[in-house]
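Q: The structure under discussion is supplied below as C-alpha cells; questions concerning it will follow.
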Amino acid sequence: MAASSWKHAIFLSALAYQAGQAYARGGAFVVPRGYRLVQTLGGADYPFLGFVLESRSRLIAVFRGSQDLRDLLTDFDQSLIRFPYAERGGDTHRGFTKLYTRAVREPLLRLLQRKKRKPLILAGFSLGAALATLAGLDITLHAKGWSPAVYTFGSPKVGDAAFAGAYDRAVPRSARVANRFDPVTRFPASTKQRPYTHVARKRECDFRRGLLLDNHKIRNYFACLAAKDPLYARQLAAANPGLCPVVHPIYPAPLSAPAKAALPS
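Under this note's numbering, the first residue of the sequence shown is numbered 10, with each subsequent residue one higher.
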C-alpha cells in the first residue's frame, strides 16, 4: 500500500480497537480529535456492534470483533445463503448476513439518506470486518451517491466466488489487511459444499505471537501497522490519549506532536 494508505490503516485499526472498547465499557470509548459520534450501531441482542463518526471531510463507520457467546454462534453459523441485496451477488455466510440484516443495515442506510455526501470509509475487525464487507457492497448498490472505501483487519471469508467478484467490481477501494499467522483469516474453510473465498487483494501485515489467538488481536494488528510508519503512529497517539492500544515491543512510547499531524487527510 502507499504511505497514505498505511496511515489510514493505522488510524482505522485504532478505531477498530475502540469499537471493542465500547462494548467492554458499556458504550464509552475515545473519539479522535476532529471527529464526533453521530450514531452507535447494534441493539439489545448485539450491543455496541460499532459506531459512525463524522468530521468535516468524511464519515467513518467502524465495526467491532466478536466479544461474547452470541457473537461466536454467529461466527459458526457457516451455511451459505443467497446475498439478498444484489441480484448477482452470489452466496454469503448465513450468520454474518443475518446479523447485518438484523442490526446494521436499516439504521446505517437511514443515516446515509439524511447525510450530506462526503467520503465514506467502512472499517472492521474480525466479525466486524465481515459486516464492513457486506455493508460495502450493499451501500454501493443501494445508497445513492455513496461509494465507500473499505478497510478490514483479520477478516474471515464472507461469501463465495460470485459474491467476491461482485464485491471486487463494485468496491475497488478495498484493503483487506491480514496476518498469515491469523487462524481466523482461513475461516470458514472452503469445501465443495461451502466454496468460500476472500474478497479484495490481501495486504499483508505479518506478526507471530506465542499463543495462536494472539495472532488475531486488533492490538497486535495495530502494532504491526504502526511499524510501517512509527512517526505517524506516535503522533496519532500523542494527539489522542487513549485512542491507540498499548503494544509491545514494536510500537514505541508516544512522542509529542502537533495535533494537525495526527489524522490522515
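For glycine and all other residues, C-beta sits at the position ideal for the given N, C-alpha and C.
The structure presented is a predicted model; accordingly, all values stated were derived computationally and were not measured.
Short check: CB of Pro60 to CB of Ala25, under 8 Å?
A: For the purposes of this step, residue 60 is taken as the residue at position 51 of the sequence shown. For the purposes of this step, residue 25 is taken as the residue at position 16 of the sequence shown. Residue identity check: residue 60 is Phe in the sequence provided, not Pro. For Phe60 and Ala25, no; Cβs fall outside 8 Å.
Q: With distance defined between alpha-carbon atoms, name the residue in Asn188, Ala152, Gln244, Val167 nearest to Thr206.
A: Residue 206 sits at position 197 when you count from the first residue of the sequence shown. Comparing Cα-Cα distances from Thr206 to each of Asn188, Ala152, Gln244, Val167, the minimum goes to Val167.
Q: Which runs of the beta strand (DSSP E), 3 residues or longer, sit entirely within the region 156-224?
A: Correct list: 158-162, 183-187, 211-213.
Q: Is any non-hydrogen atom of the ligand HEM found closer than 7 Å to the C-beta of Asn188, if you look at the structure I gave you?
A: Within the structure as shown, the ligand HEM is missing, as the structure has no ligands at all.
Q: Distance check for Arg178 and Leu150, CA to CA, integer angstroms please.
A: Mapped onto the sequence shown, residue 150 falls at position 141. Mapped onto the sequence shown, residue 178 falls at position 169. Cα to Cα, Leu150 sits roughly 11 Å from Arg178.
Q: Looking only at its chain, what residues have a beta carbon closer than 7 Å to the beta carbon of Val313, apart from the 5 residues adjacent to it on each side?
A: The requested residue 313 does not occur in the structure, where the chain is confined to residues 10 to 274.
Q: Going by beta carbon distance, what residues of the same chain come within less than 7 Å of Ser14, once the five residues before and after it are set aside?
A: The residue you call residue 14 lines up with position 5 of the sequence shown. Excluding positions up to five away in sequence, the list reads Ala184.
Q: I need the straight-line Cα distance from Gly154 to Leu220, nearest angstrom please.
A: For the purposes of this step, residue 154 is taken as residue 145 along the sequence shown, with counting starting at 1. For the purposes of this step, residue 220 is taken as residue 211 along the sequence shown, with counting starting at 1. Rounded to whole angstroms, Gly154 to Leu220 spans 44 Å at the Cα level.
Q: Thinking C-beta only, is Phe92 closer than 8 Å to Thr101?
A: Locating residue 101 in the sequence shown gives position 92, where the first residue counts as 1. Locating residue 92 in the sequence shown gives position 83, where the first residue counts as 1. Cβ atoms of Thr101 and Phe92: closer than 8 Å.
Q: Closer than 6 Å by C-beta to Tyr32: which residues in its own chain qualify, once you throw out the five before and the five after it? Chain order, please.
A: Against the sequence shown, residue 32 aligns to sequence position 23. Phe57, Arg73, Gln76.
Q: When you compare only the Cα positions, how much space is there between Ser265 and Tyr160?
A: Here residue 265 is taken as the residue at index 256 of the sequence shown, counted from 1. Here residue 160 is taken as the residue at index 151 of the sequence shown, counted from 1. Low confidence applies here, because Ser265 scores a pLDDT of 46, under 50, leaving its location unreliable; read the following figure in that light. Rounded to whole angstroms, Ser265 to Tyr160 spans 27 Å at the Cα level.
Q: Excluding sequence positions up to five away, which residues of its chain have a Cβ less than 6 Å from the Cβ of Ile69?
A: Looking up residue 69 in the sequence shown gives position 60. Once the five neighbours on either side are set aside, the close Cβ partners of Ile69 are Leu62, Ile130.
Q: Looking only at C-alpha atoms, which of Ile227, Gln30, Glu96, Gly104 sits nearest to Asp215?
A: Taking the sequence shown and counting its residues from 1, one reaches residue 215 at position 206. Checked all of Ile227, Gln30, Glu96, Gly104; the closest Cα to Asp215 is Ile227.
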